[in-house]
Amino acid sequence: MKWIDLPPVWLAAFVALGWAQARYLPVFSFGRWGDWIGAALVLGGLGLMLAAAVEMRRHRTTIIPHQMPDAMVSSGIFGITRNPIYLGDALVLAGLGLRWDSILAILSLPVFVRLVTKRFIEGEEARLRQRFGPAFDDYSGRVRRWI
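Numbering (our numbering), first residue to last: 169 to 315.
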């Protein structure tokens, strides 16, 4: 069951709930602007994830949340947000919610952010602090967790 405790699985679950609500219980419409803004958010979120993956690959460190990192990445997109992949996940959820007119996807966004923070980010930060000590403290003092 360890495979289920990965951020993409959680994102897929939230997306599926949002899609199901929009498909079987439509209650709201964001209109045409929702389509355009939603598409921009999805593309932006995917772009953040890609930029983060490339930067992590460049530093030869893991992208798997529960593993000990080999390097602390603070360059590129990580100079703007400490968690660009999770931010990208949140943007994808919000964007799909707007595209599909899913009020549930939009309203569940804070729940998703809290879940990711508690389940993944806090543990990752503890491992980074354990491995890199003052360097991580300095970095986390300069760069915000989300945005």
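For each residue, glycine too, the CB sits at the ideal point set by N, CA and C.
The beta carbon of I253 sits closer than 6 Å to those of M217 and A220, all from its chain and outside the five residues before and after it, given in chain order. Taking a cut-off of 8 Å on C-beta distances, the stretch 195 to 203 does not touch the stretch 244 to 259, as fewer than three cross pairs fall below it.
By the 16-neighbour rule on beta-carbons within 10 angstroms, M224 is buried.
Scanning R313, R226, W187 and S308 for the CA closest to the CA of I271 turns up W187. Here the C-alpha atom of R282 lies approximately 15 Å from the C-alpha atom of E293. Around the beta carbon of A239, fewer than 16 other beta carbons sit within 10 angstroms, so the residue counts as exposed. The stretch 202 to 212 makes no contact with the stretch 296 to 308: fewer than 3 CB pairs, one atom from each, lie closer than 8 Å.
Its chain contains W178, L179, F182, D257, A258 and L261 as the residues whose beta carbon lies nearer than 8 Å to that of F280, once the 5 sequence neighbours on both sides are disregarded; these appear in chain order.
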